[in-house]
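So for the sequence shown, the working numbering puts the first residue at 41; every next one is plus one.
Positions of the beta carbon are idealized from the N, C-alpha and C atoms, including for glycine.
A quick write-up on the structure given underneath.
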Amino acid sequence: LAITLNRAATLRHLRLSDCARVLWVDAMCIHQNDSLERGQQMQTMGHIYARAQHVHCWFGPD
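Have a look at this one:
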């Protein structure tokens, strides 16, 4: 899976050193160039975020 440098930095920042962590990253889990898939996934995002134990927003290292 090819990812941008910013997404790689995000994953490094959010990873845990002592145990596994499950992350759902919308920019990686939704095919951004497929408007049909993106529209379908957007309808479920509220449910995904509502059921999350934690929600993290990454704006960069600074």
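What first and last residue would you give for the alpha helix (DSSP H) that runs through H87? Bounds of the alpha helix (DSSP H) holding H87 are 75-91.
Quick one: is L50 buried, meaning 16 or more other Cβ sit within 10 Å of its Cβ, or exposed? According to the sequence as given, residue 50 is Thr; it is not Leu. By the neighbour-count rule (16 or more Cβ atoms within 10 Å), T50 is buried.
Expressed to the nearest angstrom, what Euclidean distance is found between the alpha-carbon atoms of I43 and C69? So the two alpha carbons sit approximately 11 Å from each other.
Do Q81 and D66 have their C-beta atoms within less than 9 Å of each other? D66 sits close to Q81, with the two beta carbons spaced by under 9 Å.
Distance between beta carbons of H96 and L54, contact taken as under 8 Å: Rounded to whole angstroms, the Cβ separation of L54 and H96 is 6 Å, and the two are in contact under 8 Å.
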